[in-house]
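In terms of full-length UniProt numbering, the sequence shown has 1 at position 1, counting the first letter as 1, and numbering is strictly consecutive.
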Amino acid sequence: MFASGVWAPDSLSLTRDLDASGPSAVLAELDALDPETFLAELHLQHDNTPPPHWRAAAARPRAFLSAYRNTLVAVWDALTPFWKEVAPYLRREQERVGLATVTNSLDALLGSMGGKVRYADGAFHLPHPCVGHLTALGRRRIVLVPLASHFTSGTYSAERNDVLWLGYPLPGLAQLISSSTSTAEANTDRLAVLLGRARAGILRHAHRRPSLSDTARHVGISVSTASYHCDQLAHAGLLVRQRQGQHVRLHLTDKGNALMDLLA
1 MFASGVWAPD
11 SLSLTRDLDA
21 SGPSAVLAEL
31 DALDPETFLA
41 ELHLQHDNTP
51 PPHWRAAAAR
61 PRAFLSAYRN
71 TLVAVWDALT
81 PFWKEVAPYL
91 RREQERVGLA
101 TVTNSLDALL
111 GSMGGKVRYA
121 DGAFHLPHPC
131 VGHLTALGRR
141 RIVLVPLASH
151 FTSGTYSAER
161 NDVLWLGYPL
171 PGLAQLISSS
181 TSTAEANTDR
191 LAVLLGRARA
201 GILRHAHRRP
211 SLSDTARHVG
221 ISVSTASYHC
231 DQLAHAGLLV
241 RQRQGQHVRL
251 HLTDKGNALM
261 DLLA
């Protein structure tokens, strides 16, 4: 969702009413969207020259919105069972954000979101700015939207003058998905049998040279727990931490690579 040049009109995010929930409210907002309003936003966003992947929508906006509606319905139907499973994780994330708010520790929370939206030195660093983005937060509210779709999912909207909303991967998502795998599959995971699920996940993810927060989110554990496991793996000579600019990246050692080749 963060690729350069793939901005979608904000009206398609269906977040006009951020308190709305459920398919009926979302589809009602889409049904109320005037195709001409969508088209004007599309042209504004791309300086009156929509890129190739938006030209069919620009040529037939009403047909596009109808197809978009059908897609939303299909996706909602397909993902509803999974979203019911993640409900406890969403509640836990609400509690985490609420606790950070009342304990004045939002800086730490925002800095741990991971992904390509970064928070540092009291400012958000948003990838791929688009025409219409408001660059100053001002008095806008910040709305956090945990996404239960993929480990690296992310999106944001900086066009509105009342809120800046940020979508980020739901913490614990990897843990939920991994716990849904079959017992037979788990029992044949030799690396996990030897090291435990968390440390096996950390080593498998280390080939991407991730940050600690990325690793924690991918494995589905807290940053402090991931740090502890990384310390133990480093002590065993399987992992090293290397600073690159403002980030500390995880790397497999030769011994770590050899173990992965043998067991993974």
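Virtual Cβ for every residue (Gly too), placed ideally from N, Cα, C.
What residues in its chain sit with their C-beta under 8 Å from that of residue i, if we drop five residues either side in the sequence?
{"i": "A58", "result": "L39, L42, H43, P50"}
{"i": "T253", "result": "G237, L238, L239, V240"}
{"i": "V73", "result": "P23, L27"}
{"i": "L203", "result": "L191, L195, L233, L238, L239, L252, G256, L259, M260, A264"}
{"i": "A184", "result": "Confidence at A184 is low in this model, with a pLDDT of 42, below 50, so its placement is unreliable and no value can be given for it."}
{"i": "C230", "result": "I202, L212, T215, L239, R241, L250"}
{"i": "T225", "result": "A198, A216"}
Spatial neighbours of residue i within its chain, please: CB distance less than 7 Å, with the 5 preceding and 5 following residues excluded, ordered by chain position.
{"i": "P171", "result": "E93, R217"}
{"i": "W76", "result": "P23"}
{"i": "S11", "result": "L33, T37, F38, E41"}
{"i": "P35", "result": "P61, R62, L65"}
{"i": "E95", "result": "none"}
{"i": "R209", "result": "R249, L250, H251"}
{"i": "M1", "result": "With a pLDDT of 48 at M1, under the threshold of 50, the predicted position of this residue should be treated as unreliable, though the coordinate-derived value follows. S153, G154, T155, listed in sequence order."}
Check whether the Cβ atoms of residue i and residue j sit closer than 8 Å, and answer yes or no.
{"i": "T15", "j": "S211", "result": "no"}
{"i": "L263", "j": "R199", "result": "no"}
{"i": "A25", "j": "D17", "result": "yes"}
{"i": "H251", "j": "A206", "result": "yes"}
{"i": "S213", "j": "S105", "result": "no"}
{"i": "L144", "j": "V97", "result": "yes"}
{"i": "V117", "j": "A174", "result": "no"}
{"i": "V163", "j": "R139", "result": "no"}
{"i": "Q246", "j": "A136", "result": "no"}
{"i": "A100", "j": "L109", "result": "yes"}
{"i": "L90", "j": "P146", "result": "yes"}
Which residues does DSSP list as the beta-bridge partners of residue i?
{"i": "L164", "result": "I142"}
{"i": "A123", "result": "A120"}
{"i": "T155", "result": "G167"}
{"i": "L18", "result": "Partner(s): none; L18 has no beta bridge."}
{"i": "residue 265", "result": "Any answer about residue 265 is impossible in this case: the structure gives the chain only from 1 up to 264."}
By Cβ distance below 6 Å, which residues in the same chain neighbour residue i in space, the five residues on each side in sequence not counted?
{"i": "I221", "result": "A198"}
Can residue i be considered in contact with the ligand SAH, in the sense that its beta carbon sits closer than 7 Å to one or more heavy atoms?
{"i": "H229", "result": "The ligand SAH is not part of this structure, which contains no ligands at all."}
> Can you list, in chain order, the stretches of the beta strand (DSSP E) that have 3 or more residues and sit fully within the UniProt domain "HTH arsR-type" (170-264)?
Replying inline: 239-244, 247-252
> So, do the region 137-156 and the region 190-199 have three or more beta carbon pairs nearer to each other than 8 Å?
Replying inline: no
> Unbroken alpha helix (DSSP H) runs of length 4 or more, entirely within the region 50-120: which are they?
Replying inline: 52-59, 61-85, 87-102, 106-111
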